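Read the structure below first, then the notes.
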Amino acid sequence: MNKGIFITVIGFIAFACTSAKEEKLVSEEALLNAANNATEWLTYGSNYSETRFSKLHQISDQNVKELGLAWYFDMDAVRGVEATPLVSNGIMYVTGPWSILYALDARTGKKLWEYDPKVPKEYAEKACCDVVNRGAALYQGKVFVASLDGRLVAIDDKTGEKIWETLTVDQSVPYTITGAPRVIKGNVIIGNGGAEFGVRGYISAYDAETGKQVWRFYSVPGNPALPFESKALEEAAKTWTGNYWEAGGGGTMWDAMAYDPELNLMYVGTGNGSPWNRKHRSPDGGDNLYLSSIVALNPDNGEYVWHYQTTPGDNWDYTATQQLILADLEIKGVQRKVIMQAPKNGFFYVIDRTNGEFISGEPFVPINWASHIDYETGRPIETPEASYNGNPFEAVPGPFGAHNWHPMAFSAETGLVYIPAQNYGFIMLEETDYKFNDPSQSMAFAKGNGWNTGFTDGPGEREYPNFGRLIAWDPVAQKQVWAAEHIAPSNGGVLTTAGNLVFQGTADGRFIAYNAKTGERIWESPMGTGVIAAPITYELDGEQYISIAAGWGGNAGLDIWFSSTKTTGKVYTFKLGGNASMPVFDEPEPKKLLTGVNYSISGPEEIQHGLKLYLNYCTICHGMPGATEGGILPNLGYSRPDVIQNLQTYVLEGPLTSRGMPNFKGRLTSEDVEKIKAYIQVAANEFK
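So for the sequence shown, my numbering puts the first residue at 23; every next one is plus one.
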């Protein structure tokens, strides 16, 4: 063959192969068929139904003991890792703390590129529960990630270069984004958080090609003196009383989404009210729509279609932002299109997803705020003592919820939903001197950390223990089939596979495989850090991989550490016969309670004032002094004496702002800091 012709032919073949490879984009069709594409993991919940079930079965209950490490990637991050990785075309896309996006070779873990949106570190104080990010979205050659400070960014999936960026929030108000976007019908959908700080929740759609806003749906009504954005919000306003809009209302949609293409309905879970205490939020009562609800929207224009409210007039931070799973179930001999949810309030719900009709709901953990759900009305029946206005009430579950954001999974093969359940106790009591801390003012966080809850920690001993538990739940019979106990709450999300397996990471630093039918623990591996994210599985070159991002943090991890070892955030990937070496895990050095701090405060009234200041400004990140040895942030009762002795420097001069610690100059005085210092030492003394 002529040399020139040969080169031309080879060049054409190479071009054709390259073009074919380039054309394998994550298209609308690919997302619609994601449930049948077990070799990749294309969207946050694996598919539009958010089942987190994989048809891969090379790794099964018969051989899972042969799992070994294939590779690991070190994010070199010391804050919470909550991301679900995505895999497409042999590339893994995973996010870490501070909304940083990594592209990795899914075969080897080699970093291909990194995109850092450069979130201002001072923005950390606007985030209720760590500087986390739950993942990205893929579509038509782009990776979409939302930053903590409210930006939505489109990135070239091959080069890591930014294509466009859109600001989705008013940054003068403490909105944050920690959730993963979804792509539906060519639009990137993203919500936001911040209800604790006094914001009005909404979810928005942006054109995937241009970043231009297509529609926006608000979950709660605004000022009734202004035109309502929709008829649905006009109706919702009838369920609120008082000047509710002044505190934003809440209802932020920061996590759960699902989509039914046949019905052309997308579903979103809404959050708690602002403030939490409904007496201060809506003083004359009312259901406060659309708080703590599952809402169905038209994905073409964001218009309201129907809703079901899991906790009318929410009073305990019982969000319904927890994962939504779509399934077709036979119930009482009839095939039903359902949506399932295990929200914070402790009931497992099965709802008709065509019209929002309540089908069933039963407690999946012990609860005491309601006795049951009235099956005629679909409303929970509150217990008389559940109101904490006047008398302290140990809410069960507590505000962290019976199930939080940690994803559950559903297997149509076993018919079971696998729920990371928990209890984190609180004794709640009305904050009688509550005043709204307006985030729109220049001193947005003048009142401590800016939280608007309307309750305080009540006195007395807690009766109900904390727990962490993986529950296998039958959604048709509404009963537990099996459960695995953990040593603590806040365990990782769940994956289930056709290999009759369920995978979950734990707060004490293990990654475990269970028999999906029986709950038998079959295999586990150390992680070196607590795991809160959910695993995925994919296949390359005929080999199945199991991958999980691990890194302790989030709401519990800020001030509590459960694992006996400590390491930076990592992505671990396993396969049958994997023989890569695990990293070396450092054991935390034993800590000593604080001693020897000198302070000029001596009177009990000033110590008590120091306690109040500490509760307002410090406890959300550092916990109570001496109560624990700390989490990813130090417990100040176990600090070195020189640190607390020089507390003025750390608090008023801002040397740690680059790590996310606020500068409190202008909010605290030197006298205030001296009182806080005294309280920290006195509190540490009580634990000796």
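Heads up, the beta-carbon is just placed ideally off N, CA and C, and yes, glycines get one too.
Fair warning: this is a prediction, and the values are worked out from it, not measured in the lab.
Residue 441 versus residue 344 - alpha carbon distance: Position 419 of the sequence shown, counting from 1, holds the residue named residue 441. Position 322 of the sequence shown, counting from 1, holds the residue named residue 344. Cα to Cα, the separation comes out at about 11 Å.
Proximity winner among 63, 589, 303, 701, relative to residue 648 (alpha-carbon distances): As a working mapping, residue 648 is identified with position 626 in the sequence shown. Checked all of 63, 589, 303, 701; the closest Cα to residue 648 is 701.
Residue 96 - containing alpha helix (DSSP H), residue span: In the sequence shown, counting from the first residue as 1, residue 96 sits at position 74. Careful: residue 96 lies outside any alpha helix (DSSP H), inside the beta strand (DSSP E) at 89 to 96.
Anticipated Cβ contact below 8 Å, residue 259 with residue 246, distance rounded: Within the sequence shown, numbered from 1, the residue matching residue 259 stands at position 237. Within the sequence shown, numbered from 1, the residue matching residue 246 stands at position 224. Between residue 246 and residue 259 the Cβ distance is about 5 Å, and since that is below 8 Å, they are a contact.
Meets three-Cβ-pair contact criterion under 8 Å: the region 513 to 524 and the region 80 to 96: yes
Boundaries (first-last residue) of the beta strand (DSSP E) holding residue 567: By 1-based counting over the sequence shown, the position of residue 567 is 545. Looking at the DSSP string, the run of the beta strand (DSSP E) that includes residue 567 is 565 to 572.
Enclosing alpha helix (DSSP H) for residue 381 [first to last residue]: The residue given as residue 381 occupies position 359 in the sequence shown. First-last for residue 381: 380 to 385, but that is the beta strand (DSSP E), not the alpha helix (DSSP H).
Reference residue 572; option with closest CA among 552, 298, 588, 566: Position 550 of the sequence shown, counted from the start, is the residue given in the question as residue 572. It is 552.
Residue 637 versus residue 673 - alpha carbon distance: As a working mapping, residue 637 is identified with position 615 in the sequence shown. As a working mapping, residue 673 is identified with position 651 in the sequence shown. Looking at the two C-alpha atoms, the distance is approximately 15 Å.
The region 369 to 388 / the region 406 to 413 touching (three or more Cβ pairs under 8 Å): no
Cβ-based burial, residue 497 [other Cβ within 10 Å; buried from 16]: Here residue 497 refers to the residue found at position 475 of the sequence shown. Result: buried.
Simplified DSSP state of residue 1, which is helix, strand or coil: Residue 1 is absent from the model: the chain starts at 23 and stops at 710.
When 515, 324, 380 are compared against residue 395, the one with the closest alpha-carbon: Taking the first residue of the sequence shown as 1, we reach residue 395 at position 373. It is 380.
First through last residue of the alpha helix (DSSP H) which encompasses residue 255: Sequence index remark: in the sequence shown, residue 255 carries index 233 (1-based). Note, residue 255: alpha helix (DSSP H), 253 to 259.
Span separating the alpha-carbon of residue 300 from that of residue 337: As a first step, residue 300 must be located in the sequence shown, where it is residue number 278. As a first step, residue 337 must be located in the sequence shown, where it is residue number 315. Cα-Cα distance, rounded: 5 Å.
Of the residues 515, 197, 173, the one placed nearest residue 19, counting alpha carbons only: Residue 19 lies beyond the stretch modelled for the chain, which goes from 23 to 710, so this question has no answer here.
Where the beta strand (DSSP E) containing residue 506 begins and where it ends: As a first step, residue 506 must be located in the sequence shown, where it is residue number 484. That run of the beta strand (DSSP E) goes 501 to 508.
Residue 4 versus 477, 581, 364, residue with shortest Cα-Cα distance: Past the boundaries of the shown model lies residue 4; the chain is included only from 23 to 710, so the question cannot be answered.
Best match in 133, 163, 125, 56 for proximity to residue 157 [C-alpha to C-alpha]: The sequence position of residue 157 within the sequence shown is 135, counting from 1. That would be 125, whose Cα lies nearest to the Cα of residue 157.
Residues of its chain near residue 576, where Cβ-Cβ distance is below 7 Å and the 5 sequence neighbours each way are ignored: Sequence index remark: in the sequence shown, residue 576 carries index 554 (1-based). These residues qualify, in order along the chain: 102, 104, 151, 152, 154, 512, 554.
Exposure label - residue 589; buried when at least 16 CB within 10 Å: Position 567 of the sequence shown, counted from the first residue, corresponds to residue 589. Buried: at least 16 other Cβ atoms inside 10 Å.
Other residues of its chain near residue 696: CB distance less than 7 Å, five sequence neighbours each side excluded: Taking the sequence shown and counting its residues from 1, the one referred to as residue 696 is at position 674. Correct list, in chain order: 621, 622, 623.
Inter-residue spacing [alpha-carbon to alpha-carbon] between residue 557 and residue 274: Sequence index remark: in the sequence shown, residue 557 carries index 535 (1-based). Sequence index remark: in the sequence shown, residue 274 carries index 252 (1-based). Those two C-alpha atoms are separated by around 26 Å.
Residue 636 in three-state terms, based on DSSP: One-based indexing of the sequence shown puts residue 636 at position 614. Helix.
Burial state of residue 608, where buried means 16 or more other Cβ atoms lie within 10 Å: Position 586 of the sequence shown, counted from the start, is the residue given in the question as residue 608. Result: exposed.
Reference residue 420, options 639, 298, 95, closest by Cα: Within the sequence shown, the letter at position 398 stands for residue 420. Selected option, being the one with the closest Cα: 298.
Classification of residue 268 by the beta-carbon crowding that lies within 10 angstroms, buried from 16 upward: Against the sequence shown, residue 268 aligns to sequence position 246. Exposed, because fewer than 16 other Cβ atoms sit within 10 Å of the Cβ of residue 268.
Close beta carbons around residue 261, own chain, < 7 Å, minus the five adjacent residues each side: Reading the sequence shown from its first residue, position 239 is the one you call residue 261. Once the five neighbours on either side are set aside, the close Cβ partners of residue 261 are 308, 309, 310, 311.
Within 9 Å, strictly: CB atoms of residue 659 and residue 602: Indexing the sequence shown from 1 puts residue 659 at position 637. Indexing the sequence shown from 1 puts residue 602 at position 580. No, these two residues do not count as a Cβ contact at 9 Å.
Per-residue DSSP class, three states only, for residue 600: In the sequence shown, residue 600 corresponds to position 578, counting from 1. The answer is coil: DSSP assigns residue 600 none of H, G, I, E or B.
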